[in-house]
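Residue numbers for the sequence shown follow this note's numbering, so the first one is 196 and each next one is one higher.
Just so you know, even glycine gets a beta-carbon here, dropped at the ideal spot from N, CA and C.
Source: prediction; values computed, not measured.
Report on the following structure.
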Amino acid sequence: MVRFGPVKLGAAGVLFVGLLVGALDPDVGKAVPAGLSVLGLALYVYTVGLEAGPAFFRELRPQLAVMVGAVVALVLTALAVGLIGSGVFGIDGPFLAGGYAGIGTTTPGLAAAQAASDDPTQAATGYAIGYPLAVVLTILFVAGIAAVRNWPGRRDPGTGLPDRLVSLTVDVTRPARWADVPGVASGELLASAHRPAGGTIHIVVDGDPGPLAPGDALVLVGGPEAVAAGVAALGTEAPEHLLDHRDVVDYRRILLTNPDLAARTVAELGLGERFGARATRVRRGDQDLLAHDDLLLQLDDRVRVAMPRERTAEVTAHLGDTEAKVSEVSAVSMGLGLAAGFLIGIPKLTIGSTVLSLGTAAGPLVMAMVLGRLRRTGPLVWVLPTRANLTLRQIGLLVFLACVGLTSGYAFRRDAFSLFGLKLLLVLLLGAVLSYALMVLVCRLLGQSRPRTMGLLAGYVGNPAITAYANSRVSDSRVNTGYATLFALAILVKIVCIQLIVGL
């Protein structure tokens, strides 16, 4: 929780406290149960994979060039760290592998380095030296990118996603077809309620209110700019909001907790056919999304619905709206997913003296990415409610880092504060600067925008603290989409590179 300027370690603070306590006595680490760190790591990577999987597969085609560039940058960095550290300074592979995981702030990478090392404490020492270095340097890189104003981003004009959504009523003053209104064809504007001239208010259940005539009133939903363009095309902003007539219509956010509706689209909710209602927005975490018919829903979404007042109770019961279910986790689906992840982590590939495997770090991650993309298989819902996912992720990360810190503290005390530790720090500093500079260069050469470059760098390094800092410097949804594009891929590539470095 302690902030050092713009840097806050977050969950990684547990690692350094564990190192401090473990450094007090060599017997401290012996009291840590052997399988506890494996359980913590499995929970962390599995929940990360469930969330990152859909974004990874969605961005695979449009961002393939960026992904390939990131892989090349990570491999070149691994070569530099390995060759300079081993060939010039004579540092053993496990220290370098842990340090490479540290400058990539990848916790699963640390686990892979420990699993491939004869002495896991060596990898933990390297990680503990590289991690704070990575956070500080990456934030400096992000700050430098934010300060550059002449950043064209010729191949990344924008996502079209507004920073916020608004709704207001327009008084129609000229005839128009809904399909011709600016923003409708591009999906930036929705209509939720309509009152024909001299008629009564009704919900626009199918998305098209039909021909619009002077005297009509229509509720528009979208980003501020899209709504303003719609008002300008149709008429003028009305002095009263149609949805304020609560004796006729109702609108509210309803928590989606019905497991039968998880991983369904907005259209598959059947709100229009069954209740004469319409979903207009979906609140997911801190983001508001327009409720297009093809938008996939997940448990814990808050769906804003406009509906006839007399159908409110039915719509609420249909979606669930049960707070207690927000934290429920299916033991069957999660158990099967984790078991499958452990199984695909078992096979090994031997290349010379190096043994490669997905292991307990990447196996559950890869499986969770696939299951997160599938979302459900028949009655089995693979995805978790957002709040449950974040809670399990945090617990898993804290448990794993605490175990690593306690078991490695005494070795860290012996190795880090010495001439050897200074040499390792120098190698990691060179590797980190090279790595981040290569990634920024890739983004510039591929025409990525400044906000997306900041997000891609944060995902490339893999630290949410960097994403938060980037969001504080620029308000643009491309920061988060860039982070999601590379986060899971970078972890997998780093795990492979780490196992190669250990063999040096």
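task: Run the CB neighbour count on I324, radius 10 Å, all protein chains shown included, and call it buried at 16 or more, exposed below.
output: buried
task: Measure the C-alpha to C-alpha separation of L441 and A371 and round it to an integer number of angstroms.
output: Checking the displayed sequence, the identity of residue 441 turns out to be Arg instead of Leu. In a straight line, the C-alpha of R441 is about 28 angstroms away from that of A371.
field: Own chain residues within Cβ distance below 6 angstroms of F607, not counting five before or after
entry: L214, T320 and A323
- prompt: Going along the chain, which unbroken runs of the alpha helix (DSSP H) with 4 or more residues stay wholly within the segment 413-494?
  reply: 419-429 and 466-470
C-alpha distance - A218 paired with R639, whole-angstrom precision: 44 angstroms
message: For a test of the three-state rule: what should DSSP assign to T301, helix, strand or coil?
response: coil
task: Count the CB pairs spanning the segment 387-400 and the segment 333-345 that are closer than 8 angstroms, and state whether there are at least three.
output: no
message: I'd like the list of long-range same chain contacts for A663, defined as Cβ closer than 6 angstroms, with 5 residues on each side in sequence excluded.
response: none
field: F702 versus R478: straight-line alpha-carbon distance, rounded
entry: The structure shown has nothing for residue 702, since the chain only spans 196 to 699.
- prompt: Which whole-angstrom value describes the C-beta separation of A292 and I696, a residue pair presumed to lie in contact below a C-beta threshold of 8 angstroms?
  reply: 4 angstroms
Residue nearest to L593 in terms of C-alpha spacing, selected from V223, P221, R459 and V233: V233
field: Distance CB(A329)-CB(I286) smaller than 7 angstroms
entry: no
query: Smallest Cα separation from A508: which of L617, A526, V444 and G235?
result: V444
message: Whether or not the segment 249-256 and the segment 562-581 are in contact is what I'm after, with contact meaning three or more pairs of Cβ atoms, one per stretch, closer than 8 angstroms; do they touch?
response: yes
message: Could you tell me which whole alpha helix (DSSP H) segments of length 4 or greater appear in the segment 609-657?
response: 614-640 and 645-656
- prompt: Does the beta-carbon distance from L332 to A627 come in below 7 angstroms?
  reply: yes
- prompt: The beta strand (DSSP E) with L363 in it runs from where to where?
  reply: V361 to V367
- request: Please name the residue or residues paired with P228 in a DSSP beta bridge.
  value: In DSSP, P228 forms no bridge with anything.
field: Contact set for D411: own chain, Cβ-Cβ below 6 angstroms, skip 5 residues either direction
entry: V367, P391 and A392
- request: Taking F537 as the reference, give the member of S525, G554, N584 and I693 with the closest Cα.
  value: G554
- request: To the nearest angstrom, report how far apart V461 and T452 are at their CA atoms.
  value: 14 angstroms
query: Is V209 helix, strand or coil by DSSP?
result: helix
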